[in-house]
Amino acid sequence: MLAFRVIRLALAAALLLSLAACGKSRPRADLVFINGAEPESIDPHIVTDQVGMRIASALFEGLCRIDEAGRPQPGLAERWDMTPDRKTYTFHLRPNTTWSDGTPLTTQDFLYSWQRVLTPEFGADYASQLYVIKNARGFHEGNLKDF
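In the working numbering, the protein residues as written are 3 to 149.
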């Protein structure tokens with residue numbers, strides 16, 4: 003009789019444990035990069051190698067992103083307006099966008115970022131990509147104090 007109870011209890015426990023495995027599990031959210039070497043940097047302002055660029059691109063988002071067809075799509079900016087002459091763009095940040103520590107993202111963060119890249123002493127290899135901004139080249143070459 004005792005053996006029968008033990009067997010019934012063991013079967014009941016096994017059934018309960020097997021039912022527990024049927025519950026929903028949370029999907030994993032791992033991001034794995036297989037690189038041949040350590041990146042020189044993941045600072046998006048100074049990265050020049052493919053390994054670092056791949057990681058920095060996954061960590062940081064710009065005002066826009068480029069889709070598969072090469073067209074700009076909203077990134078941290080939910081939309082943008084441009085003047086008819088296409089010389090002035092106004093970007094509208096997504097509401098409630100924050101840094102990873104919860105600090106609100108502001109337009110000043112973007113201005114600081116561009117000034118950092120263009121500061122001559124900083125030495126960013128790709129600073130010339132910002133020359134489309136009015137007076138950016140003069141600022142980068144040290145001829146202007148602001149742009």
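Glycine is no exception: its CB is placed at the ideal position from the N, C-alpha and C atoms.
For residue 120 versus residue 138, is the C-beta distance shorter than 7 Å?
Mapped onto the sequence shown, residue 120 falls at position 118. Mapped onto the sequence shown, residue 138 falls at position 136. Yes, these two residues count as a Cβ contact at 7 Å.
Taking residue 2 as the reference, give the member of 76, 86 and 87 with the closest Cα.
The requested residue 2 is not part of the displayed model; the chain covers only 3 to 149.
With which residues is residue 99 paired in a DSSP beta bridge?
Residue numbering aside, residue 99 sits at position 97 when the sequence shown is read from its first letter. DSSP lists no partner for residue 99.
Under 6 Å: does the beta carbon of residue 26 sit that close to some heavy atom of the ligand MG?
In the structure shown, the ligand MG is absent, as is every other ligand, since no ligand is present at all.
Looking at the structure shown, is residue 91 part of a helix, part of a strand, or coil, going by DSSP?
To locate residue 91, count along the sequence shown from 1; it is residue 89. Three-state DSSP puts residue 91 in a strand.
So for residue 42, helix, strand or coil by DSSP?
Taking the first residue of the sequence shown as position 1, residue 42 is located at position 40. Residue 42: coil per DSSP, three-state reduction.
Which of the three DSSP states is assigned to residue 74 in this structure?
Here residue 74 is taken as the residue at index 72 of the sequence shown, counted from 1. It is a strand residue.
Verify whether the separation of the beta carbon atoms of residue 62 and residue 79 is less than 7 Å.
Translated into positions along the sequence shown, residue 62 becomes position 60. Translated into positions along the sequence shown, residue 79 becomes position 77. No, these two residues do not count as a Cβ contact at 7 Å.
Classify residue 139 as helix, strand or coil using the three-state DSSP reduction.
Start at 1 with the first residue of the sequence shown, and residue 139 comes out as number 137. The answer is helix: DSSP assigns residue 139 an H, G or I state.
Nearest CA to the CA of residue 55: which residue from 65, 66, 41 and 70?
Numbered from its first residue, the sequence shown carries residue 55 at position 53. Closest by alpha carbon: 41.
Which runs of the beta strand (DSSP E) at least 3 residues long sit entirely within the stretch 46-71? Give them in chain order.
Qualifying beta strand (DSSP E) stretches, in chain order: 66-68.
Go ahead and pull the three-state DSSP assignment for residue 122.
In the sequence shown, counting from the first residue as 1, residue 122 sits at position 120. The answer is helix: DSSP assigns residue 122 an H, G or I state.
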